[in-house]
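For reference, the structure discussed in these notes is given below.
There are 2 protein chains.
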Amino acid sequence: MAASMPTPVSASAANDHVLPVESHEQLQLSSEDRQRITERTKWVLDSPDPPGFPQEFLGSFRNAVFCRKNKKLSSSQPPLACFASFLPSVFPILNWARDYKVSMFKNDLLSGLTLASLCIPQSIGYAALAQLKPQYGLYTSVVPPLIYSTMGTSRELAIGPVAVVSLLISAMVSKVVNPITDPVSYNKLVFTVTFFTGTFQALFGLFRLGFLVDFLSQAAIVGFMAGAAIVIGLQQLKGLLGISHFTTKTDVISVLISVAKSLHTSWYPQNFILGCSFLIFILITRFIGKRNRKLFWLPAIAPLVSVILSTLIVYLTRADEHGIKIIKHFKGGLNPSSVNEVQFNSPHLREAVKIGLVCAIIALTEAVAVGRSFATIKGYNMDGNKEMIAMGFMNIAGSMSSCYVATGSFSRTAVNFSAGCQTAVSNIVMAITVLISLQLLTGLLYFTPIAILASIILSALPGLINYSEAYHIWKVDKLDFLACAGAFFGVLFASVEIGLMVAVAVSFAKIILNALRPRVEELGRLPGTDIFCEVDQYPVAHAVPGILIIRLNSGLLCFTNANPLRDRILNWVTEENGKEDTKSPISGIILDMSSVTNIDYAGILALEETNKKLLSGGIKLAIASPRWQVIHKLKVAKFVDKVGRDCIFLTVCEAVDSFVGSKFTGPGNC
Amino acid sequence: MAASMPTPVSASAANDHVLPVESHEQLQLSSEDRQRITERTKWVLDSPDPPGFPQEFLGSFRNAVFCRKNKKLSSSQPPLACFASFLPSVFPILNWARDYKVSMFKNDLLSGLTLASLCIPQSIGYAALAQLKPQYGLYTSVVPPLIYSTMGTSRELAIGPVAVVSLLISAMVSKVVNPITDPVSYNKLVFTVTFFTGTFQALFGLFRLGFLVDFLSQAAIVGFMAGAAIVIGLQQLKGLLGISHFTTKTDVISVLISVAKSLHTSWYPQNFILGCSFLIFILITRFIGKRNRKLFWLPAIAPLVSVILSTLIVYLTRADEHGIKIIKHFKGGLNPSSVNEVQFNSPHLREAVKIGLVCAIIALTEAVAVGRSFATIKGYNMDGNKEMIAMGFMNIAGSMSSCYVATGSFSRTAVNFSAGCQTAVSNIVMAITVLISLQLLTGLLYFTPIAILASIILSALPGLINYSEAYHIWKVDKLDFLACAGAFFGVLFASVEIGLMVAVAVSFAKIILNALRPRVEELGRLPGTDIFCEVDQYPVAHAVPGILIIRLNSGLLCFTNANPLRDRILNWVTEENGKEDTKSPISGIILDMSSVTNIDYAGILALEETNKKLLSGGIKLAIASPRWQVIHKLKVAKFVDKVGRDCIFLTVCEAVDSFVGSKFTGPGNC
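Which chain is which? The protein sequence lines are A and B, in order. Take 102 as the starting number for the first sequence in my numbering and just add one per residue. Take 102 as the starting number for the second sequence in my numbering and just add one per residue.
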């Protein structure tokens, strides 16, 4: 690419009077200069060995996997003291509870109550999305938040069921067991999945495998969340339209066909009217809340108000006898034990483990992203590994007490933050409030219309779709946007798992693509400096006549790009020296290796072949500023001996000085 | 890692008197210096836009895929002249045939005859390996070499059937059609596969998709070839031991079990004795040939001598009646047409395409590797794309004339080279010799013992096993060796395809692994210079007190390593500034981006978070020497505006100067 535009380079070289002077001076390279260059080459060649294979690759993992030494724990301490200092690291509540003040509790009480008023309707709705009975949503808002508040390190994170994980459970578990024909097995499988989700999360935290969460790139999450939001929204059409027979598939096309069929046969417009009116009510309160920050509680309690109002309307008008679908069965009381429902000898164990792994990663991704963004606002650190352990234990405990997978909810965390929560006590307040509601109010929920739950879920979805971030991704990185779009359309038109797989595949393909056909850049001297930069990036830079300075635009010189690099260099030389009007034919090539962090066997072979071919044409090859691994491998592979120790330079500038100062006369001189 | 060894750094800083002087001088950074730095920052920020997504990724492919403009072809030329100048580029023989001299023909005749004497027994053996009748091997040594000699650019490459491709065909095609129960369908499928092999090869050449061949790294090929050699050797046990019932699988365990079973029931030791004696004879001649370069023809004709001698022995002693297995059926004459046997409407079309693709890549890999290494020795250029087109057409023509997949053979090319061949005429001589043998001598091959063919194949195998290269790979790059070992053991214990897949998977996993958890390097100033290098690589370098200079050891700052980098930097700062004995707490961080060739959305987010966190701690973040794509994306993402235009520097040195010269007092100053 650079070779096809030599005009600006030669033009700038001609306009600039600095270069000829410089190169003239360098022709009289003093013996002192020469000694200095040799001295520096020695630095390059006599560097200690870099960390070997186990240190380089496993070391960084070990660093991440095993805890660093805890300085507070020394073996000289008595076991009890040791235990006492160990406890607060597992239960951060022991640290902050001592400093807890009444003024803080005021804030936490207020935010906890606000949270509960939003949490109760959302939990019931998400349980319906997960194809579970409504009480399971409330159960999930009791035990996990209590456990999390003792073990978690985030102060704002609102724990409970969330939309995306509910969709995941519904989509993946219902493929294994049909929730309508066999609800008992379905529940059992859901609890087993919850147990494995918790186990995976705890293991990730204990073994510091948090990097697994990084495998879903930011861009993929944006696309996945948006796709999931649309899929969840479409699922709500069932409740909103009062449809009885609905597809179990989640892709757009199946759902739309199913809806179209139902619209021809039987649906109840009353449900739609009721749902839409309350949806509009909730959206208006949200609009007001956004306009006036002090009224933040208005959108937060709007869902609960909608539930109460609509239940009253249905109860008073007995609208359930005229086609309005209501919840009907609602078992109140404390969380029942579900220890016996977690089954390890079921024929679906394999699926349970698989779904558990997917849920664990998605749930952690959402919670960590939400928690971290609010921790950044408040300026404290969230410990990723402790978070994972806390999430893990809360889900394991949840699976024993009739809860399904809980995690940090984005919409509720935002409400918690706006309500001014100070510590995780707001989660405790919320859990207790939900618990009391479960004891006292469940009888009242008999007449709650399903359409209202649908509208509450629908109202929470826009927060999952982030247009502006998607646009930002498109502007910044087209390939990242491809991962984003892949996840989005995969979720929308295929299934949740396929969407995730597409996103991960595109993300990794991106890394490989970058190593596949990198640009080969031509470097030139920035006027008046010793700095050599790409001539395309810095139009002020001018090439050094007679010397081709080349840099590979890739961090790896490996089998995918080694042969093309060799061919590119050799073609470049042939083209340049083949021109009839060449004033200064190329007599030396400097390979700037500063950006090549690693090289493999194929890369070394290609360098050897390049050197051999160039030498046979009387052209000298120099390697400038090689990195640690690269110079080590070049030494081990005896390439340094072949090219000559005096052809390795610390910087491009020294290589140029050496080339221009010494007239290269033919092969064998190197 | 670097943070855990601050002792040598501070020690060197203390020993060295240069640093304090330098830093003292820099405190009085003149306004001229300041202006110079600002000027250079402008160069960084006002660079033109880099090539966009289509140019960056598709452009490099386009460059590779579409031919560059042929300068000789201008539209003003009459069509006939245009055609006349186009012809030699497709048929290089038209170029070199004009300069062909009688003296060259002498050499080519000799080498062609030597080649034929080696080729005839090898072709028969390889046909047996591919589970085809022996004449097909000879057919394959007639048509493809003739086509190649007109279209190919290599002068030494000996074309014909080779061991590895024969094994591939046998292993993959026999899974679809059983060659023993249904030889007619088997032959048809083999010709169809050959047709697709040729088609793929021609397409690779026409569309310049040669990079697909690069997907098999050198290391993987070494392992694959060694594994294939052992598998081929084991397959020869059938002929060598005279076993009738043999497994169709190729993995070591199946073959050994099959051999063990046969040894219990029925085998004929005479075959083994005969085969081994001639194998020893061939190996001795090779030893002599290696010792005395002038006797290169001795190992070359030894196989043919073995065939003739053993055939005579069997014919004279009628040993075939006493258990010695012989070829028996051998149809002579010209290559019959097989146009009707290439079937596009067969139920196995899909498999044929798949096997064709694998064969195309393996055959090209071998031919290009062999051809290129000899071209390098003789100092001429082999055009990879023309080679692929030539290979493609020779295999398409072959599939029409009863040939199976042909390619460049390593052992025969070496013989051709040693025999002093000058041009591809040696291939023509060989093909004509084989053709004559097919006409005249096939009747004589009736009594040739199969054990001899086995020993001829066995004698060619050691060349495929390259211990020294494997050891070299192990020394240079442990991960490359893993790809090599994966291919080796995959071929050996699973199947040929699995071995290939393992090799490709390991090779690509290597690229991803490199981007996964890169080391974060601390840079320091080399004494008396403006150069900043890694303190671990250059122990003479010393850190600048109060400033942390960091470089990422990866070419990509992407979702896999962005969050860990952020955490690493923030932990580093916390650790350093948390030390009680810190003399100069860190007040600035310089991120040397010189090796980061690309950044993605996650990388930019991580940088933004890092900057926000550091600012809140009163620490300044600077970006030094960003690459073209990186600075462009940082500008588009408005990161440059957030961090401040004066926090972007052309070099690390300027960033240090600016930091040391200006005392940073708090956030907002940047």
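Ideal Cβ placement from N, Cα and C applies to all residues, glycine included.
- Of the candidates V454/A, T534/A, I553/A and P448/A, I553/A places its Cα closest to the Cα of A403/A.
- Of the residues assessed, F187/B falls on the exposed side of the cut-off, its CB having fewer than 16 other CB atoms within 10 angstroms.
- With respect to L536/B, V263/B sits apart: the two C-beta atoms are not nearer than 8 angstroms.
- DSSP places G625/B inside the beta strand (DSSP E), whose first and last residues are V621 to R626.
- DSSP, reduced to helix, strand and coil, places N699/A within a strand of the structure shown.
- Residues of the same chain with a CB within less than 7 angstroms of the CB of S510/A, apart from the 5 flanking positions on each side, are A259, G261 and V263 in chain order.
- The beta carbons of L290/B and H423/B sit no closer together than 8 angstroms.
- Around the Cβ of N496/A, a 10 Å sphere holds 16 or more other Cβ atoms; the residue is buried.
- Neighbours of F660/A in chain B, taken as residues whose beta carbon is under 7 angstroms from its own, are D315, S318, Q319 and S608 in chain order.
- With respect to the 8 angstroms criterion, I648/A and I687/A are classified as neighbours on the basis of their beta carbons.
- The C-alpha of D693/A is placed about 14 angstroms away from the C-alpha of K721/A.
- DSSP, read as helix, strand or coil, puts A555/B in helix.
- The region 724-732 of chain B makes contact with the region 143-154 of chain B, as at least three CB pairs between them are under 8 angstroms.
- Counting C-beta atoms within 10 angstroms of its own C-beta, D682/B has fewer than 16 neighbours from the protein chains shown and is therefore classed as exposed.
- For the 8 angstroms CB-CB criterion, L751/B and I632/A form a contact.
- The three-state secondary structure of K721/A, taken from DSSP, is strand.
- Excluding residues up to 5 positions away in sequence, L658, V731 and K734 lie with their Cβ nearer than 6 angstroms to the Cβ of I700/B in the same chain.
- Under a criterion of Cβ atoms nearer than 7 angstroms, the residues of chain B adjacent to K734/A are, in order, V577 and D578.
- Proximity of A644/B to chain A, defined by a Cβ-Cβ separation below 8 angstroms, is not satisfied.
- When the Cα atoms are used, P550/A and C504/A turn out to be separated by approximately 23 angstroms.
- Under the DSSP definition of a beta bridge, L653/A partners with V621/A.
- By the rule that beta-carbons nearer than 8 angstroms mark a contact, L657/B touches chain A.
- Here P550/A is bridged, per DSSP, to I427/A.
- Per DSSP, the beta-bridge partners of E635/B are L624/B.
- The bridge partners DSSP lists for A259/B are S510/B.
- Counting only runs of 4+ residues, the alpha helix (DSSP H) found wholly inside the region 184-218 of chain B occupies 194-197, in chain order.
- Residues of the same chain with a CB within less than 6 angstroms of the CB of L210/B, apart from the 5 flanking positions on each side, are V530 in chain order.
- Along the region 426-459 of chain B, none of the residues has a CB nearer than 7 angstroms to a CB of chain A.
- Looking at the backbone, the Cα of S512/A and that of G390/A are separated by about 14 angstroms.
- When secondary structure is reduced to three states using DSSP, F518/A falls in the helix class.
- With fewer than 16 other beta carbons inside 10 angstroms of its own, N393/A counts as exposed.
- Among the residues of chain B, those whose CB is under 7 angstroms from the CB of E635/A are W729, following chain order.
- If you compare the alpha carbons of G689/A, G306/A, G591/A and T630/A with that of I462/A, the shortest gap goes to G306/A.
- Put simply, the backbone Cα of C220/A is about 27 angstroms away from that of S286/A.
- A contact is defined here as three or more CB-CB pairs under 8 angstroms, and the region 518-527 of chain A meets this definition with respect to the region 189-208 of chain A.
- DSSP places L562/A outside both helix and strand once states are collapsed to three, so it counts as coil.
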